[in-house]
Every structure is written in C-alpha cells, then in structure tokens.
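Protein chains in written order, with the working numbering: chain A, 14 to 260; chain B, 7 to 159; chain C, 34 to 103.
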Amino acid sequence: MWLWFSKLGSPKWFYELSGKWLPWLVAAMVVFMTVGLVWGLLFLPPDYQQGFTSRILIVHVAVAGTSLAFFPLLLVSGTITLVWRMKLADMVAKNAAILGAWFSFITLATGSLWGSVMWGTWWEWTDSRLVSMLFQLFLLLGVISLRSALEDSETAAKACALLSIVGCINVVIIKYSVEWWNTLHQVSSPVSMDTQSPNGPEFWIATLVMIVAVYLFLSVSLILSTRNEILERERRSQWVQDLVSKS
Amino acid sequence: MKPHRRKKLGIIIFIAAGLSVAVGFTAFALKQNINMFYTPTQVAEGEVGSGQHFRIGGMVKTGTVLGATNSLKVNFVTTDFVSDVPIQYEGILPDLFREGQGIVAEGEMDAKGVFQASRVLAKHDENFMSPEVKAALDASGASAENHSPVATN
Amino acid sequence: MLDAIQFSSFADFIDMGGYGFNVWSVYGLFAIFVAVNLILPLRKKQRILRQLKRRMTLDEEINSEDSQSS
C-alpha cells in the first residue's frame, strides 16, 4: 500500500500510467459527450411548462454538480502536499484550481441563460444558491492568484490549503442553500423510475449521460495539464530527456 | 525590502483586499436576509414592518389572475395554502408565470393591504414532465397540484 | 428512433420552441469550454516538447564545439 502510494507520487510513474489510460478515457469521453449532446439537442422531450429550455438544464446540472468536486479535490491534494510533500499532488492542485474556475463560470453562465427566460431575471443577489456559487468562483480565482504570486513555496501551499477549507464549507452551503433558505432557485430534482410520473427516465437518463461525460472531460483535461506540468518541472531529469529525444 | 519581495507583498495585499470585498459583498447580500422572500403566512403574521420594501413568494392562486385588456396591469392572489396576499403589478410577466405556479414578487404593501409589486419573477419547481406524461396524468385524474409542492418551505 | 426526434423541420430545430437563442448559447458555450480545455493543454505540450528539443540540440552543439576547441 505504502509502496503504491509513494510510487503514485512519482511524476515519472504517473506520466507513464496516465499515458496508458488516456486513450481509453478520451474514447469514453467522446462516446458519452456525443450521446449526451445529440440526445440533448434532438431527442430530449420539452417540459410541459419550460418548453425546450429543459435542454439547458441537462448541461447546467452536469457542469454545476461537477464543479462542487474541485474544492474537496484541492483540500485533499493540498493536505498531501503539506504532509507528505508529494510533488504530484501540488501539480494536480495547480491545474485543478484553473479548471474549477472554468466550471464555476460555465455553471453561472448557463444558469443565467435559463433564468433570463424562465425566472425573468439573469441574476439575483438575494438568492443564496446563486451568490454562494459566485463565491466559489471568487475563491478559486483567489487560489489561482495566490499561487502565481507565491510560486511553489510552502507558504503558497499553506494559504491554498486554508482557502480550500473555506471552499469546502462553501460547497456544503451551495448544496444545501436551496433547502435551508427560501430561494428563487429550485431544489434538486428527485429521480423517478416511473415513466408516467414527473422526473421520469426520459429526463434523468440524458442528465446522467451528461454528468458522466463531464466527469470524463474533467479527468482528461486535468491529466493533460498535469502531464504538461510534469514535463516542465522535471525537464532536467534523465527520463524527460530520453522522452524528448525520442519524440 | 527587496523589489521582488515588495512586488509579491503587493500582490498578496491585493488578493487579500479582493477576497475581503468578495466576502463583504456576500455578507451584505446575505445580511439583508438570507431568505430571498417572505411567505404569505409570514406577512400575515406581521413579520414585515409596514412601509418596508420586501419580496414575497408563493403560488399564484388558481382563478385569481385578472389582467386589464388595454394595459399591462395585472391583479392576482398569491398563496401558500394557509394565507393569501393580493398582488397588483404592471409590467411584463416572465414566460413561466401562470396559475398554480410559484412566483416571487418584489414591492411593498399599500394601505389597503394589496402588495404593489415593482417586479414579478417566476419560480420553477423541481419537477420535469413532458407534455405527454402531463396529459396522461391529467387524463388519469391526478391533478397537477398533487405533483407541484408548495414553492416555499 | 427517428420518430423520437422532437422536430419536423430544420427551422424548428434552430428555433427550439422560441428559446433558440438561450438553448444554442448554452450548447455553444459548453462546446467552447470543452474544446478550449482540451486544445490548450495539447498545444502547450507541443510547445514544451519543441522548447526542450531545441535546448537539447543547442546543448549538444555547445558540447561538440567545446570538444573541438579543447
């Protein structure tokens, strides 16, 4: 177990292993993305009240749900960096913050595009779901700028770990904001197996496909940028030199 | 202090300031009221001071929507199935506004106890249904009300 | 399967029941978001490899010049 753990921390080992996984992950991502998008744009039935804006929500829900994974990921990798000084964890954290900011922004933008026609407003400062999601975007931008200001020092790792704790608390607030307080934002839709009831498979299977597609995309994008990080930071090592001369 | 250290310190202070502003904005938005709106029952119980500008959230009571034919004026009653509050509004209503649907209105109470709304937003519930399923449910006698929970909690 | 397509004409497909702007904006934005976050890392990798390769050949040239002069 410990051998495996320290091996995983070795950038070279990760670079080789992820190189083997990537083609499969990419293939799965392409399949799920294609099925999800074609289904979403051609086959998803309209909602009896919202019309075809229900199609916005399968993308919005998939991106929004996935965006909540970033702060827990940052907290775990931050802790590993501080306690075990594993270089790889820090490389993952750096790129996860940037990708997480993208996810948060897309969540807000797609939500606005739905709200502008359904609620009658693009943005409400008094809705705790909306404001806590915006706060997540600000926190991630904070993590990114802290990192670029302090480079890869111990202080940066500590400060980012601290922000990650705040971020994780905020994730809980985002999740339960719609239940704890009165909001314009609706609560999470339950899943129903019954084809003749609200929230039946005709809606949630398409959403599930999109969620899997978005998680696969997250993994592929994060692995790609982490591999770049490895090449840059390990450029003096023999195995990177060998790799370059072979390419 | 070395120039590069000073630069770093400057950046950190800048971030700290940015974060404080973000937190401040959030706190300000939340301080006014973490709840976005009051329910008709809360209004009936006098939780809102008179003359206060606030938001009210509830369902549009079926059969109460009266629109003027020659203007955008509309009157309706909002309810949480315990208390009712009449609302008057002039303006364009969102696409989702309809009887039995949740809404959030912003404005103030007038002397006659009518809520004069300056803005009306539609609230969507968590239920998705295709028109076919909706029609089948209606045909089998299960009314839409059984599936749309009260918008407030 | 083709029966399950929700539209009878291409114009209907673009219109999305009157919500064309919003629906297509969301899917367009999503496509850009996915494409950017896959293409940028791939291009960066090419750039890194190119730089490392250039540095390597430069080092080799310097080394060979050194050995000639000595």
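By construction, the Cβ of each residue, glycine as well, lies at the ideal position given by its N, Cα and C atoms.
Expressed to the nearest angstrom, what Euclidean distance is found between the alpha-carbon atoms of residue i and residue j?
i, j, result
"residue 158 (chain B)", "residue 111 (chain B)", "Low per-residue confidence applies at residue 158 (chain B): pLDDT is 39, beneath 50, and the placement is therefore not dependable enough to give any value."
"residue 73 (chain B)", "residue 103 (chain B)", "13 Å"
"residue 48 (chain C)", "residue 48 (chain A)", "21 Å"
"residue 65 (chain C)", "residue 218 (chain A)", "24 Å"
"residue 35 (chain A)", "residue 52 (chain C)", "37 Å"
"residue 133 (chain A)", "residue 82 (chain C)", "50 Å"
"residue 125 (chain A)", "residue 147 (chain A)", "12 Å"
"residue 40 (chain C)", "residue 137 (chain B)", "15 Å"
"residue 107 (chain A)", "residue 41 (chain A)", "25 Å"
"residue 37 (chain A)", "residue 75 (chain A)", "21 Å"
"residue 260 (chain A)", "residue 134 (chain B)", "52 Å"
"residue 46 (chain C)", "residue 31 (chain A)", "40 Å"
"residue 70 (chain C)", "residue 128 (chain B)", "35 Å"
"residue 140 (chain B)", "residue 59 (chain C)", "26 Å"
"residue 72 (chain A)", "residue 118 (chain B)", "46 Å"
"residue 99 (chain A)", "residue 72 (chain C)", "28 Å"
"residue 93 (chain A)", "residue 93 (chain C)", "39 Å"
"residue 250 (chain A)", "residue 96 (chain A)", "24 Å"
"residue 167 (chain A)", "residue 155 (chain A)", "17 Å"
"residue 43 (chain B)", "residue 56 (chain A)", "37 Å"
"residue 152 (chain A)", "residue 33 (chain A)", "34 Å"
"residue 24 (chain B)", "residue 91 (chain B)", "42 Å"
Here's a check: name, in chain order, each residue in its chain whose Cβ is nearer than 6 Å to the Cβ of residue i, leaving out the five neighbours to either side.
i, result
"residue 94 (chain B)", "81, 120, 122"
"residue 151 (chain B)", "Its pLDDT being 46, under 50, residue 151 (chain B) is placed unreliably by the model, and the measurement read from it follows with that caveat. Once the five neighbours on either side are set aside, residue 151 (chain B) has no close Cβ partner at all."
"residue 247 (chain A)", "24, 253"
"residue 40 (chain B)", "none"
Apart from the five residues on each side of it in sequence, which residues of its chain come closer than 8 Å, Cβ to Cβ, to residue i?
i, result
"residue 163 (chain A)", "169, 172"
"residue 150 (chain A)", "114, 117, 118, 121"
"residue 145 (chain A)", "183, 186, 187, 190"
"residue 56 (chain C)", "49"
"residue 11 (chain A)", "With chain A represented from 14 up to 260, any question about residue 11 (chain A) goes unanswered, as that position is not in the structure."
"residue 96 (chain B)", "77, 78, 79, 80"
"residue 138 (chain A)", "144"
"residue 109 (chain A)", "83, 86, 87, 90, 235"
"residue 56 (chain B)", "115"
Whose C-beta lies closer than 7 Å to the C-beta of residue i among residues of the same chain, with five residues either side of it excluded?
i, result
"residue 225 (chain A)", "45"
"residue 28 (chain A)", "240, 243"
"residue 178 (chain A)", "88"
"residue 228 (chain A)", "79"
"residue 181 (chain A)", "84, 85, 88"
"residue 3 (chain A)", "Lying before the first or after the last residue shown, residue 3 (chain A) is absent from chain A, which here runs from 14 to 260."
"residue 232 (chain A)", "38"
"residue 204 (chain A)", "212, 217"
"residue 85 (chain B)", "46, 64, 65, 67"
Using a Cβ-Cβ cut-off of 9 Å, state whether residue i counts as contacting chain A.
i, result
"residue 37 (chain C)", "yes"
"residue 81 (chain C)", "yes"
"residue 43 (chain C)", "no"
"residue 79 (chain B)", "no"
"residue 58 (chain C)", "yes"
"residue 153 (chain B)", "Per-residue confidence for residue 153 (chain B) stands at a pLDDT of 44, beneath the threshold of 50, marking its modelled position as unreliable; the derived number appears in the next sentence. Output row for residue 153 (chain B): interface = yes."
"residue 159 (chain B)", "In this prediction, residue 159 (chain B) scores a pLDDT of 37, lower than 50, which makes its location untrustworthy; no coordinate-derived value is stated."
"residue 96 (chain C)", "no"
"residue 91 (chain C)", "no"
"residue 44 (chain B)", "yes"
"residue 132 (chain B)", "yes"
"residue 73 (chain B)", "no"
"residue 138 (chain B)", "yes"
Considering just the uninterrupted stretch of the beta strand (DSSP E) at residue i, what are its terminal residues?
i, result
"residue 111 (chain B)", "108-115"
"residue 62 (chain B)", "60-66"
"residue 80 (chain B)", "79-85"
"residue 23 (chain A)", "Careful: residue 23 (chain A) lies outside any beta strand (DSSP E) and carries neither H nor E."
"residue 38 (chain C)", "Looking at the DSSP string, residue 38 (chain C) is not in any beta strand (DSSP E), and its letter there is neither H nor E."
"residue 94 (chain B)", "90-96"
Closest Cβ-Cβ distance between residue i and chain B: below 9 Å?
i, result
"residue 177 (chain A)", "no"
"residue 130 (chain A)", "yes"
"residue 84 (chain A)", "no"
"residue 235 (chain A)", "no"
Over the uninterrupted alpha helix (DSSP H) stretch that includes residue i, give me the two end residues.
i, result
"residue 208 (chain A)", "Residue 208 (chain A) -> no alpha helix (DSSP H), and no H or E assigned at all."
"residue 192 (chain A)", "167-193"
"residue 84 (chain A)", "83-97"
"residue 46 (chain C)", "43-48"
Quick check: is the beta carbon of residue i nearer than 9 Å to any beta carbon in chain C?
i, result
"residue 182 (chain A)", "no"
"residue 73 (chain A)", "yes"
"residue 225 (chain A)", "no"
"residue 122 (chain A)", "yes"
"residue 248 (chain A)", "yes"
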